[in-house]
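Residue numbers (my numbering): 634 to 900.
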Amino acid sequence: MDFQYLYIPIGVPTFHLESAQAEFDASVSLLKSLDDAVVAPSEMLLSLDKLLAFLEGKHPDLLIVQNVTFANGAYIAEVLRRLDAPVLLWTLKEPVVDGGRLRLNSLTGAYSAANVLHAFDRPFEYVYGSPKEADAQRAIAATIRAARLRKALRGLNVLQVGHTPQGFGFGRALDMEMMTTFGANLLSIEARELIDMAKSYKADEVAPFLEDARSRLVGLDALPARNVEDFGRLYKAYSDYVKAHHIGALSSRCWPDFFTAFGTPVC
């Protein structure tokens, strides 16, 4: 399924709807210009019934929840009950401050929504500003890009070759953390398995990989011939494994395994 994000403009009809409509129209225009994968309602969602009707059947990768006017916590609670996606809470500035009644009261609605988000233990991004403000535009654009990247990482196969040495646990990847944070699948293989693969190749099988390496690496042939040949073997072993298992990202241990067991480092 392609990337999709929802614009959810919540509010109540007791505020200055002409001002709210102007902010709604500008917000939709901005979001479409930033990323046209936005799904926006045809009108402001000024009742729970309209909100629920809009959410029906949606499965977004990002929620942009905007208090187009004040809305109580029941609105965001219904969103969180139905959808499990990262949240950007967007608060609008008052279009006019003249000592009279607030036109939108978006900020009070944001306090209410943030309290519910905290109660649901849902982290969220936050932006405060008009859709015409550059700072707000940059923050919203960055959040959408991050959500797109998170979507792209789902189903990614990440290969981990070997284990981190003692004292280097800070660099160790954990499969459940990778899955829950990014949706990526972490695969592991021992260094010796790739070394055994490298040792099994014939010279003519390695030749194309050495030719490719020479076109990419400066000074490769200045190294000892044995190391160059063994590097080509490792290059083929890694390439074959990556292709066979559809690996999209790779991390590898080098010292001391490849020095002691193979005589040529992979790093």
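Yeah, the Cβ is synthetic: ideal placement off N, Cα and C, and Gly gets one too. Being a predicted model, the structure only gives us computed values, none of them experimental.
- Here residue 648 has 702, 703, 736, 737, 738 as same chain residues with Cβ atoms under 7 Å from its own Cβ, once five neighbours each way along the sequence are excluded.
- Taking C-beta atoms as the reference points, residue 866 and residue 834 count as a pair closer than 8 Å.
- The beta carbon of residue 634 lies closer than 8 Å to those of 692 in the same chain, with the five residues before and after it left out.
- Scanning its chain for C-beta atoms nearer than 8 Å, with the 5 sequence neighbours on each side dropped, one finds around residue 846 the residues 853, 864, 865, 868, in chain order.
- Its chain contains 789, 790 as the residues whose beta carbon lies nearer than 6 Å to that of residue 881, once the 5 sequence neighbours on both sides are disregarded; these appear in chain order.
- DSSP places residue 666 in the helix class (H, G or I) of the three-state scheme.
- In the DSSP secondary-structure assignment, residue 822 is bridged to 794.
- Residue pairing by DSSP puts residue 757 in a beta bridge opposite 720.
- Cβ contact annotation for residue 659 (same chain, cutoff 8 Å, sequence separation greater than five): 763, 764, 765, in chain order.
- Under the three-state reduction of DSSP output, residue 884 falls in the strand class.
- Sixteen is the threshold: since fewer than 16 other Cβ atoms of the shown chains lie within 10 Å of the Cβ of residue 686, the residue is exposed.
- Spanning the alpha carbons of residue 900 and residue 872 requires a straight line of approximately 15 Å.
- Within the region 830 to 869, the complete alpha helix (DSSP H) segments of 4 residues or longer fall at 836 to 849, listed in chain order.
- Distances from the CA of residue 709 to each of 744, 883, 879, 891 were compared; the closest alpha carbon is that of 744.
- Distances from the alpha-carbon of residue 638 to those of 716, 655, 700 put 716 closest.
- Partner residues in the beta bridge of residue 672, as assigned by DSSP, are 639.
- For residue 699, there is no enclosing alpha helix (DSSP H); the enclosing beta strand (DSSP E) has its first and last residue at 695 to 700.
- For residue 785, the enclosing alpha helix (DSSP H) stretches over residues 767 to 786.
- Annotated as distal: residue 895 and residue 806, with beta-carbon spacing of 8 Å or more.
- Excluding residues up to 5 positions away in sequence, 641, 643, 678, 708, 711, 712 lie with their Cβ nearer than 8 Å to the Cβ of residue 684 in the same chain.
- In this structure, 663 is the residue among 663, 886, 786 with its C-alpha nearest to the C-alpha of residue 768.
- According to the DSSP assignment, residue 748 belongs to the alpha helix (DSSP H) that extends over 739 to 752.
- Residue 720 is positioned such that its CB atom lies closer than 8 Å to that of residue 698.
- Listed in chain order, the non-local C-beta contacts of residue 753 below 7 Å within the same chain comprise 713, local neighbours out to five positions each way being set aside.
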